[in-house]
Each structure stands twice: as structure tokens, then as C-alpha cells.
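A.B. asks:
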Amino acid sequence: MDYENILIDTDGSIQTITINRPSKLNALNKSTIEELSKALQVAENNNELRVIILTGAGEKAFVAGADISEFAHFAVEEGKALSKKGHHDLFNRIDHMKTPVIAAVNGFALGGGLELAMSAHIRIFSENARVGLPETSLGVIPGYGGTQRLAQIAGKGRAMQMVLSAEMIDAATALNYGITNKIVPLEELTEAAKKMAKKIIKNSPVAIATAIQCINANYTSGVDGLAFEINAFGECFGTADFKEGTRAFLEKRKADF
Ligand code: COA
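Heads up, the sequence shown stops at 265 in the working numbering, and the numbers go up one at a time, no gaps.
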């Protein structure tokens, strides 16, 4: 498939997907969401790929939010449908991918941009990153998972503060809040994301996919996370990766997954 709003670069088993609408600060319009959704589906079905990095084009923005010009005229039912489709097609999809996703946040990540970064499994920010959920300043609320994931990641008090004040915070504050795992200079962002990806790639992809499911189980209503873990832990013992990982340890060599 040809994409208009995203760029795809595959380097061995690491794929970088770049949101590429720099003149609109990479704002997520409908077609960009569709393209991201499609590209992630393709990536998830490609067993050669072990880590996906999401980033934004240019030096100013990761994603400055959902495209305000597209929904400014919406009524109630259209608003509900927009949010529901976004959750289903993109934000929940990322959260539940078996292939780990790293968000390399290279500037503004506002509204849907921060929600996109928070759907990823790991976040790395450049020093110039500025993030926030400014939706209440537009008379709306975060609708792509922000009210839930920000509270999960940063805690309820900080989520309340950020959503109610609509404030933008800098990278150092985001690190302090636990919203980013790491801060690096902008020119080192790609390398830092790849370095993290290479650490992940050394480990069992089957165990990684299982671990993502288990960690997410704690945030899924009606699921007992500890019971889920007990079962998933047991299932690992039936995998070739478990046999290879333990055998490699006992033979004092690196595992080949
Ligand atoms: N939706 C649609 N277009 C957006 C956008 C968004 N979320 N964010 C930025 N843009 C567009 C601007 O309209 C402008 O387009 P134009 O040149 O055709 O007028 C272009 O991107 C550049 O943005 P601009 O506002 O001129 O840059 P700036 O440096 O002055 O300000 C921001 C940067 C991020 C502070 C500002 O763009 C902003 O507040 N964006 C909206 C953030 C937001 O509320 N996101 C949540 C949406 S739910």
C-alpha cells in the first residue's frame, strides 16, 4: 500500500513509522489514522519485525493532536463515532500489539499526540518535547484514551491536573511524572530508540508478547491480572523460546530466538 501521510523505514527487524504532515505539525487527520492503523496491522503480521518505533517528521512536533479542522463541526453522534473508531483502529491496537512499540517523541505531543505516545509500550522524549492534553481548552475532553492512560501512567492526581488545567509540560516534568522513560538530545533520539529496540530484540519475542498481555491485563476490566499471569507463565513452558532460552543459559551461550 502507498501511504501519503506516513513514512516507513525498515532496518533489519526494527521498523520506524514516521507521521509525515510537518506543515500541520503532524496532526492526526482521518487518513493519517487510517494509514497508521493499516501500517501497524501489516507490521504486526510480519514475524521478521521485532520492534516498531513511532515518531514525527521534522524537529518541532511528534503530533500536535487530532486534526481540529476535521471535527470542529461535529455533533454528538459523530463525536462518539470518532472516538470509538480511534480507540478501536489505532490506540487500543497499539496498546495490545504483540510487537513492542516505542514512541520517539520529537517535539510537541498534544491531545491525540500524547494519547498516541501513551498507547505505545515505551516512550523516549527529546529535550524539546512539550506535552499535554489541552482538549478542555477546546470545550471537549481527551477522546483517544487520554483520561484513562494518563491516570494509569502518571497517577490520578497528575492526570487531573494536566487535563483540567490543559497545561503543557516540558520533558523534565514528564520524566518526573513517569510519562517518559528517558530524555535525550533531539539529534540522539533515533539512535536512543534503536538502542532500546536492540535490547528488546535480544529477548524472546514470544515471552515479550505474553508479558505485554499480562501487564495490560491489570488495566482490563473484569480480568484478574494475577490469575492471567499464572496461566501465561505456565504457557511459556510449552514454547520453543523457553527451551532455547533456558538451554542457552545452561550451555553458557547467548539465546538465539
Ligand atoms: N489540528 C489541526 N491543525 C493543526 C493542529 C491540530 N491539532 N496543530 C497545529 N496545526 C496546524 C496549524 O493550524 C498551522 O496550520 P496553518 O499553517 O495552515 O495555519 C500549522 O499546524 C502550524 O501550527 P501553528 O499553530 O502555526 O504553530 P505554532 O508554533 O504557533 O504553535 C502549537 C504550535 C502546537 C502550540 C499550536 O499549533 C497548537 O496549539 N495546536 C493545537 C494543539 C491542540 O489543541 N491539540 C489538541 C487537539 S484535540
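Idealized CB from N, CA, C, for every residue including glycine.
In the DSSP assignment, the beta strand (DSSP E) including Leu-118 goes from what residue to what residue?
C.D. replies: Here residue 118 refers to the residue found at position 110 when the sequence shown is read from its first residue. Where Leu-118 is concerned, the enclosing beta strand (DSSP E) stretches over 116–118.
A.B. asks: Check for me: the beta strand (DSSP E) holding Arg-138 runs from which residue to which?
C.D. replies: Taking the first residue of the sequence shown as position 1, residue 138 is located at position 130. Run containing Arg-138: 138–140, per the beta strand (DSSP E) assignment.
A.B. asks: Here's a check: name, in chain order, each residue in its chain whose Cβ is nearer than 6 Å to the Cβ of Ala-179, leaving out the five neighbours to either side.
C.D. replies: Sequence index remark: in the sequence shown, residue 179 carries index 171 (1-based). Taken in chain order, the residues that qualify are Phe-133, Glu-135, Ala-137, Ile-191.
A.B. asks: Short of 8 Å in beta carbon distance, which residues of its chain neighbour Ile-149, apart from the five on each side in sequence? Order them along the chain.
C.D. replies: In the sequence shown, the residue the question calls residue 149 occupies position 141. Excluding sequence neighbours, Ile-149 sits near Glu-143, Thr-155, Val-171.
A.B. asks: Is the beta carbon of Thr-198 closer than 8 Å to that of Ala-128?
C.D. replies: The residue given as residue 128 occupies position 120 in the sequence shown. The residue given as residue 198 occupies position 190 in the sequence shown. Contact: no.
A.B. asks: Looking at the ligand COA, does it come within less than 7 Å of Ala-72, judged from the CB to the closest heavy atom?
C.D. replies: For this step, residue 72 is matched to residue 64 along the sequence shown. Within the cutoff, so yes.
A.B. asks: If you draw a straight line from the alpha carbon of Ile-223 to that of Gly-253, how long is it in whole angstroms?
C.D. replies: Counting from one through the sequence shown, the residue named residue 223 turns up at place 215. Counting from one through the sequence shown, the residue named residue 253 turns up at place 245. Near 21 Å, if we compare the C-alpha coordinates of Gly-253 and Ile-223.
A.B. asks: What's the gap between the Cα of Ile-187 and the Cα of Ile-14?
C.D. replies: One-based indexing of the sequence shown puts residue 187 at position 179. One-based indexing of the sequence shown puts residue 14 at position 6. Distance between the alpha carbons of Ile-187 and Ile-14: 25 Å.
A.B. asks: How about Leu-146: is its Cβ closer than 7 Å to a heavy atom in the ligand COA?
C.D. replies: Residue numbering aside, residue 146 sits at position 138 when the sequence shown is read from its first letter. Yes, since a heavy atom of the ligand COA falls inside the 7 Å radius drawn around the Cβ of Leu-146.
A.B. asks: Is Gly-140 near Ile-177, with beta carbons less than 8 Å apart?
C.D. replies: To locate residue 140, count along the sequence shown from 1; it is residue 132. To locate residue 177, count along the sequence shown from 1; it is residue 169. A contact, by the Cβ cut-off of 8 Å.
A.B. asks: By how many angstroms is the C-alpha of Cys-244 removed from the C-alpha of Leu-57?
C.D. replies: Taking the first residue of the sequence shown as position 1, residue 57 is located at position 49. Taking the first residue of the sequence shown as position 1, residue 244 is located at position 236. The straight-line gap from Cα to Cα measures roughly 21 Å.
A.B. asks: Pop quiz: Ser-39 and Glu-12 are said to be a contact at Cβ under 8 Å. What is the actual Cβ separation, rounded to whole angstroms?
C.D. replies: Taking the first residue of the sequence shown as position 1, residue 39 is located at position 31. Taking the first residue of the sequence shown as position 1, residue 12 is located at position 4. That pair is a contact at about 7 Å.
A.B. asks: If you count every other CB in all the chains shown that lies within 10 Å of the CB of Tyr-152, and 16 or more means buried, which is it?
C.D. replies: Along the sequence shown, one-based indexing puts residue 152 at 144. Classification for Tyr-152: buried.
A.B. asks: Tell me whether Leu-154 counts as near the ligand COA, meaning its Cβ is closer than 7 Å to at least one heavy atom of that ligand.
C.D. replies: As a position in the sequence shown, residue 154 is number 146, starting the count at 1. The displayed chain sequence assigns Gly, not Leu, to residue 154. Answer for Gly-154: no, Cβ out of range of the ligand COA.
A.B. asks: Please identify the residue among Glu-52, Ser-77, Asn-28 whose C-alpha is closest to the C-alpha of Gly-66.
C.D. replies: In the sequence shown, residue 66 corresponds to position 58, counting from 1. Answer by Cα proximity: Asn-28.
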